[in-house]
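Trainee: What follows is a structure written as structure tokens; I'll ask about it next.
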Amino acid sequence: MRAAEDFARRNAQRFALQATGFMQPIDRLIAEQDISRLITQFGLLNDSADWAAVTAMFTDDARFIRPAGGDPVVGRDAIRASFESRPPRKSCHLITNIVVDVITTDEASARSTLVLYAAPAGASEAKSPALIGGFRDRLVHTSDGWKFAERTGFLDLKVSLA
4 MRAAEDFARR NAQRFALQAT GFMQPIDRLI AEQDISRLIT QFGLLNDSAD
54 WAAVTAMFTD DARFIRPAGG DPVVGRDAIR ASFESRPPRK SCHLITNIVV
104 DVITTDEASA RSTLVLYAAP AGASEAKSPA LIGGFRDRLV HTSDGWKFAE
154 RTGFLDLKVS LA
């Protein structure tokens, strides 16, 4: 009977912590892994030009700024339209140095480094990286999992191909 009482007490403590926004270490690790995977998948899906899947990673009212700059694009539909309006290209997003900070059970921030190789569609080589930069993200947990609420790109270096 003692084991059942201990189990019930631990579960009650766990749910109480979750209700206040605090997480158990295992739940924090799972959130960090899920968010790291989302960030990595963003690059892979971008490279395959799967704009429906890319934009499904954002909340309906998300805000997105590309690493190359420009005005913020607000809303999932506008984000998709911005991707679809780009000229076709071949790209490889190398995403590394992912650091996730889980703030509560439903909110997190992350930072990642990006090295982008890009060439016109049909090209077989890229001479050097097009840019080196990254993303600062604000994420929220929804009924469909973690999503980007805000994704802000930045440049550390832009490579001159001259």
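Numbering-wise, our numbering comes out as the position in the sequence shown, counting from 1, plus 3.
Positions of the beta carbon are idealized from the N, C-alpha and C atoms, including for glycine.
These numbers come from a predicted model, not from an experiment.
#1: How many Å lie between ARG141 and ASP37 at the Cα?
#2: Entirely within the stretch 21 to 107 and at least 4 residues each: give me those alpha helix (DSSP H) ranges in chain order.
#3: State yes or no: is the C-beta of ARG139 within less than 9 Å of the C-beta of ALA121?
#4: So, using beta-carbon positions, are ALA71 and LEU160 closer together than 9 Å?
#5: Once the 5 residues before and after THR43 are set aside, which same chain residues still bring their CB inside 7 Å of it?
#6: Using a Cβ-Cβ cut-off of 7 Å (strictly less than) and excluding sequence neighbours within five positions of SER132, which residues of its own chain qualify?
#7: Between PRO90, GLU110, THR107, THR116, which has its C-alpha nearest GLY125's C-alpha?
#8: Grab the span of the beta strand (DSSP E) containing PRO132 for me, first residue to last.
#9: Take the Cβ of ALA152 as the centre, count every other Cβ of all protein chains shown within 10 Å, and call the residue buried at 16 or more, exposed below.
#10: Based on the DSSP output, what are the partners of SER146 in its beta bridges?
#11: Assuming ALA34 and VAL105 are in contact, meaning their beta carbons sit under 8 Å apart, how far apart are those beta carbons, in whole angstroms?
#12: On the three-state DSSP scale, how would you describe ALA124?
#13: Taking just the CA atoms, how far does LEU41 sit from GLY148?
Mentor: In this structure, then:
#1: 14 Å
#2: 28 to 50, 54 to 58, 79 to 87
#3: Contact flag unset, no.
#4: no
#5: The beta carbon of THR43 sits closer than 7 Å to those of ILE98, all from its chain and outside the five residues before and after it, given in chain order.
#6: One detail in the question is off: residue 132 reads as Pro in this sequence, not Ser. Answer for PRO132: VAL118, LEU119, TYR120, VAL162, listed in chain order.
#7: PRO90
#8: That residue, PRO132, is in no beta strand (DSSP E); it is neither H nor E in DSSP.
#9: buried
#10: Paired residue(s): none; SER146 is not in a bridge.
#11: 5 Å
#12: coil
#13: 10 Å
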